[in-house]
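**Student:**
In our numbering, the protein residues as written are 2 to 303.
(1) For residue 181, which residues from the same chain have a beta carbon less than 7 Å from its beta carbon, with the 5 sequence-adjacent residues on both sides left out?
(2) Can a CB atom of chain C be found closer than 9 Å to the CB of residue 198?
(3) If you run the structure through DSSP and keep just helix, strand and coil, what is residue 85?
(4) I'd like to check one pair, residue 200 with residue 289: are the Cβ atoms closer than 9 Å?
(5) If you drop the 5 nearest sequence neighbours on each side, which residues of the same chain put their C-beta closer than 8 Å to that of residue 241?
(6) Determine, using beta-carbon pairs with one atom in the segment 17-31 and one in the segment 277-285, whether at least three such pairs fall under 8 Å.
(7) Leaving aside the five residues before and after residue 3 along the sequence, list all residues of the same chain whose C-beta is less than 6 Å from its C-beta, in chain order.
(8) Can you tell which of 164, 227, 165 and 127 has the C-alpha that lies nearest to the C-alpha of residue 178?
(9) Can you check which of these residues, 161, 131, 134 and 73, is closest to residue 141 by C-alpha distance?
(10) Between residue 160 and the ligand ADP, is the CB less than 8 Å from at least one heavy atom?
(11) Exposed or buried, which one is residue 265 when buried takes at least 16 other CB atoms within 10 Å?
(12) Buried or exposed: which applies to residue 212, given that a residue is buried once 16 or more other Cβ atoms fall within 10 Å of its Cβ?
(13) Skipping 5 residues on each side, what residues in its chain have a beta carbon closer than 7 Å to that of residue 106?
(14) Just verifying my parser: in three-state terms, what is the DSSP assignment at residue 162?
(15) List the residues that DSSP assigns as beta-bridge partners of residue 207.
(16) Say whether the segment 47-59 touches the segment 70-83, bearing in mind that this needs 3 or more beta-carbon pairs closer than 8 Å, one atom from each stretch.
(17) Taking residue 158 as the reference, which of 131, 248, 232 and 263 has the closest Cα?
(18) Between which two residues does the alpha helix (DSSP H) carrying residue 28 extend?
(19) Which value, in whole angstroms, describes the spacing of the CA atoms of residue 232 and residue 114?
(20) Hey, how far is the Cα of residue 169 from the Cα of residue 197?
(21) Ordered along the chain, which non-local residues of its own chain (more than five positions away) have a Cβ less than 7 Å from that of residue 24?
(22) Taking 8 Å as the limit between beta carbons, can you name the residues of its chain near residue 61, skipping five residues before and five after?
(23) Does DSSP classify residue 125 as helix, strand or coil?
(24) Please report the residue range of the beta strand (DSSP E) in which residue 137 lies.
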């Protein structure tokens with residue numbers, strides 16, 4: 002085999018654009034990971050997941066990092082994932098990725114005792130109007146989003162006054178994909194959202210994401226900002242308990258949480274496909290990731 006690890010990205014992030022801060026940031030963090038993997042004695046390269054010319058049997062494993070177009074191209078990504086899982090080892094595994102892609106997993110974690118934000122699922126083809134769905138939930142304000150999504154794709158803040166404007170959009174979406182409603186969490190406007198990185202089963206570091214004024218979305222695509230955060234014992238406990246509740250081996254996870262409308266710490270999402278892990282805030286976390294991957298590879302036949 003030519004490589005031990007292929008670090009995966011998407012085509013538009015493959016080449017460094019020095020003039021673009023986002024490209025510089027991605028390459029900096031992927032560079033930290035690649036250097037850490039090389040320090041473990043592993044042969045490493047970085048490629049786009051949809052590279053048409055690379056033979057995936059020529060690497061012992063692949064590490065998902067910045068494949069941030071998979072949810073927009075899922076009709077291509079799904080079959081590719083199924084195929085490549087037969088050719089090499091995936092971190093995280095294809096089984097875990099398939100489970101984590103669909104946000105129905107939040108209901109599974111809630112049943113396991115993890116305090117999660119309430120979620121109301123609207124399955125594809127549901128004939129109710131958006132107004133009816135909102136009334137069924139009895140929430141004054143809610144967030145609507147697809148169950149397979151990322152970067153706040155088709156994420157809307159709703160109330161009784163503005164839901165009518167989204168009826169046509171909702172009607173089109175629900176014919177194509179399942180959606181979900183969650184009660185709008187007021188604290189996100191002032192406190193933002195916490196992201197705790199759990200690597201190789203243990204808490205590593207944390208950041209706080211804040212929305213820009215007038216918005217509720219914390220992603221930098223929408224003007225959100227990222228700040229260092231010193232996680233409390235309660236926050237660490239929720240993050241590690243969430244990962245421990247999963248029926249999979251988890252090399253890396255980002256556990257997103259908030260203070261809910263009752264002031265209780267609650268899980269928003271746990272991202273284990275291609276989460277941004279904010280290594281720039283703790284570069285040594287890349288070493289922990291690399292060590293965990295290397296240890297797992299020793300269990301694999303060459």
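Note that beta-carbon positions come from the ideal geometry of N, C-alpha and C, so glycine has one too. All of these numbers come straight from a predicted model, not from anything done at the bench.
**Tutor:** Straight from the coordinates:
(1) Cβ neighbours of residue 181 beyond the five flanking positions: 104, 120, 121, 122, 123, 146 and 148.
(2) Checking the listed chains, one finds no chain C in this structure; it contains a single protein chain.
(3) Three-state result, residue 85: helix.
(4) Between residue 289 and residue 200, the CB-CB gap stays under 9 Å.
(5) Excluding residues within five positions, the ones whose Cβ falls inside 8 Å are 199, 202, 203 and 204.
(6) Verdict: yes, contact present.
(7) Its chain contains 59 as the residues whose beta carbon lies nearer than 6 Å to that of residue 3, once the 5 sequence neighbours on both sides are disregarded; these appear in chain order.
(8) Comparing Cα-Cα distances from residue 178 to each of 164, 227, 165 and 127, the minimum goes to 127.
(9) Measuring from the Cα of residue 141, the nearest candidate turns out to be 161.
(10) With respect to the ligand ADP, the structure offers nothing, as it holds no ligand at all.
(11) Under this definition residue 265 is an exposed residue.
(12) When all chains shown are included, residue 212 counts as buried.
(13) For residue 106, same chain residues with a beta-carbon under 7 Å away, outside a window of 5 residues either side, are 100 in chain order.
(14) If DSSP states are grouped into helix, strand and coil, residue 162 belongs with coil.
(15) Per DSSP, 197 and 230.
(16) Between the segment 47-59 and the segment 70-83 there are three or more inter-stretch CB-CB distances shorter than 8 Å, so the stretches are counted as touching.
(17) Comparing Cα-Cα distances from residue 158 to each of 131, 248, 232 and 263, the minimum goes to 131.
(18) Counting along the chain, the alpha helix (DSSP H) containing residue 28 begins and ends at 22-40.
(19) When rounded, the separation of the alpha-carbon atoms in residue 232 and residue 114 is 21 Å.
(20) Their backbone Cα atoms lie some 37 Å apart in a straight line.
(21) Shown here for residue 24: same chain residues with a beta carbon closer than 7 Å to its own, the five before and five after excluded, namely 14, 17 and 18 in chain order.
(22) Hits under 8 Å: 2, 4, 5, 6, 89, 90, 298, 301 and 303.
(23) It is coil, neither helix nor strand.
(24) Note, residue 137: premise wrong, no beta strand (DSSP E); alpha helix (DSSP H) at 131-138.
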